[in-house]
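For reference, the structure is listed below as structure tokens.
In the working numbering, the protein residues as written are 1 to 79.
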């Protein structure tokens with residue numbers, strides 16, 4: 001059903017964001033970004049929280065260039 005598909009997508013997004021957050025907390029900026037990209041490639045639609053978790057991980061790591069690239073990626077995706 002459509003409601004079931006929406007619930008499944010919501011659960012997948014929550015798991016994605018949890019995985020990104022875990023990687024970010026461990027200081028693994030690459031894994032955080034790869035998790036988001038893998039979710040996108042699988043047809044998922046990351047939300048603003050997904051991108052902000054990756055951007056925050058970049059900022060914590062002192063990688064302003066990577067943070068800026070993620071902001072641009074997020075904007076290009078219309079988020």
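Backbone N, C-alpha and C fix where the C-beta goes; we use that ideal spot for every residue, glycine too. All figures in this text were calculated on a predicted structure; none of them were measured in a lab.
According to DSSP, is residue i part of a helix, a strand, or is it coil?
i: residue 30; result: helix
i: residue 78; result: coil
Let me make sure I understand the geometry here. Which of the options has the alpha-carbon closest to that of residue i?
i: residue 70; options: 8, 52, 60, 61; result: 52
i: residue 57; options: 75, 33, 41, 37; result: 33
i: residue 74; options: 30, 45, 60; result: 45
i: residue 31; options: 55, 11, 10; result: 55
Would you mind giving the Cβ-Cβ distance between residue i and residue j, rounded to the nearest angstrom? I have them listed as a contact below 8 Å.
i: residue 19; j: residue 35; result: 5 Å
i: residue 47; j: residue 79; result: 7 Å
In chain order, which alpha helix (DSSP H) runs of at least 4 residues are fully inside the segment 23 to 69? 29 to 41, 48 to 60, all fully within the segment 23 to 69.
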